[in-house]
Amino acid sequence: MKLAISARSSDLGAEVDPRFGRAAYILLVDADSKSFEVIDNSANVNAFKGAGIQAAATVCDKGADVVLTGYCGPKAYQVLNQASVKVVNDVTGTVEEVVDTFNAGKYTYATESNAEAHW
Amino acid sequence: MIISVASGKGGTGKTTIATNLAMSMGRSVNLIDCDVEEPNAHLFIKPESITRTIATTFVPRIDTERCTGCRACAELCQFNALTVVGGCAMVFAELCHSCRGCYEICAEAAVREDFRELGEMIRGYRDQLRLTYGSLRVGEAMAPPLIKQVIAAGKDDNPTIIDAPPGTSCPMITAVNQSDFVLFVSEPTPFGLHDLTLAHETVKNLGLPCGLVINRCDIGDEGLRNYAHEQNLPVLLEIPFDRAIAEAYARGILLIDHDPSWRPRFLTLYADISAMMSQPA
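Which chain is which? The protein sequence lines are U and D, in order. For the first sequence, our numbering gives the first residue as 482, with consecutive numbering after it. For the second sequence, our numbering gives the first residue as 732, with consecutive numbering after it.
Here it is as structure tokens:
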């Protein structure tokens, strides 16, 4: 399983960034080996509009199976849903803690976005 | 000639000036209320023979049978209104600015024309005045596409007065950009001066000639007049702070109907603007 986790910095000890589209980094972590790839999301941090759409399209292209983040907006959710990528919202802690919690089967997949669209 | 009435600050008297100027003229005239988020000129004009038209704008629709997921459209779009997921383009219509670039660039003819509703265009008449205004659909984020359509429908060869939206962002610029002259309305307060300065800077960048109406001219301080003097911004009309004027406004009564002595002053205002426009710059 490939997990895409929004993060404030670029290592496994990083705090989860509550924002998905405008997170500083998105870490693509292999749930079993904990090996990871860093996606630098800085281009989207200051995007005028559509940051969530771009971030979602990027993790889809990278072959993520699950997105774990704080808040996922409706447009990002729509993209992820289209690509059959599952979403877990309201995630807190460090990236490594999130991977462990995921492996322990303690998360529930979202059935809709948990943040309003904003302009 | 198209005169747009603008201000940085809201609530300075744009609609008062636009409606009274248009109704004073005693000839065929167009009044266009471009404040599509909060139109109010009709409350004073009380137009008759009203017609309403739904205004729409282009948005793409993807033919999923034809789309190869080549990304040409998504890479072209500057507003992220298209993205490619799972080998097929996906549209976010509310982000689309209707440039039709995706429609032009698609080699597979997979981008089809669809439409997003912008709101309503409303047309009505009173005496020799033709009023056109727009009402933005609740939930629509972009005012300029509707403002452009309202102006196109509302102007003709007769003199045209545009009541512009407040502020200095895209809706205001869209409304004033097609005019020949910008008439600012402000009040002599620090807020009035601050926001007028922003609006004036904006209009200077557009290269349009302009003048100033000072509303509530007997309150505040000298800052606005000093600014107008320094900037060679001619003060074309002053209206005092008068409770009777405010009461008439609150009842939807035009200043020129409340006190007919104002009509010649608005006619002079129009004559002064015409004279400024006929002089070589």
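Note that beta-carbon positions come from the ideal geometry of N, C-alpha and C, so glycine has one too.
query, result
"Quick test of your reading: residue 827 of chain D and residue 812 of chain D, contact by CB under 8 Å. State the CB separation rounded to the nearest angstrom.", "4 Å"
"Using the beta-carbon of each residue, which ones in chain U are nearer than 7 Å to residue 826 of chain D?", "530, 531"
"Looking at chain U, is there any beta carbon in it that lies within less than 8 Å of the beta carbon of residue 898 of chain D?", "no"
"Skipping 5 residues on each side, what residues in its chain have a beta carbon closer than 6 Å to that of residue 993 of chain D?", "986, 987"
"Could you name the residues of chain U that residue 817 of chain D contacts, counting a contact when the two beta carbons are closer than 8 Å?", "541, 563, 564, 565"
"Any beta-carbon of chain D closer than 8 Å to the one on residue 548 of chain U?", "no"
"Are residue 533 of chain U and residue 567 of chain U close, meaning C-beta to C-beta below 8 Å?", "no"
"Please report the Cβ distance between residue 948 of chain D and residue 970 of chain D, rounded to the nearest whole angstrom; I am assuming they are in contact, meaning their Cβ atoms lie under 8 Å.", "6 Å"
"Measure from the alpha carbon of residue 523 of chain U to the alpha carbon of each residue in U/578, U/535, U/483, then state which is nearest.", "U/535"
"Check the C-beta distance from residue 776 of chain D over to residue 857 of chain D and give it rounded, since I have them as a contact under 8 Å.", "5 Å"
"With which residues is residue 819 of chain D paired in a DSSP beta bridge?", "D/816"
"For residue 534 of chain U, go through chain D and note every residue whose CB falls closer than 7 Å to its CB, in chain order.", "811, 814, 823"
"Do the segment 884-896 of chain D and the segment 747-766 of chain D touch if we need at least three Cβ pairs shorter than 8 Å?", "yes"
"Taking the beta carbon of residue 746 of chain D as the centre, do at least 16 other beta carbons fall within 10 Å, making it buried, or is it exposed?", "buried"
"Kindly indicate which residue of U/530, U/503, U/514, U/515 has the alpha-carbon position closest to the one of residue 521 of chain U.", "U/503"
"For residue 791 of chain D, which of helix, strand or coil comes out of DSSP?", "strand"
"Alpha carbon to alpha carbon, what distance is there between residue 943 of chain D and residue 959 of chain D?", "8 Å"
"When you compare the CB of residue 560 of chain U with every CB in chain D, is at least one pair closer than 8 Å?", "yes"
"Candidates D/965, D/921, D/905: which alpha carbon is nearest residue 937 of chain D's?", "D/905"
"Within 8 Å, do at least three Cβ pairs link the segment 493-507 of chain U to the segment 570-580 of chain U?", "yes"
"Going by Cα to Cα distance, which pick from D/1001, D/1002, D/974 is closest to residue 989 of chain D?", "D/974"
"Look at the alpha carbon of residue 625 of chain U and the alpha carbon of residue 546 of chain U, and state the distance between them as a whole number of angstroms.", "Residue 625 of chain U lies beyond the stretch modelled for chain U, which goes from 482 to 600, so this question has no answer here."
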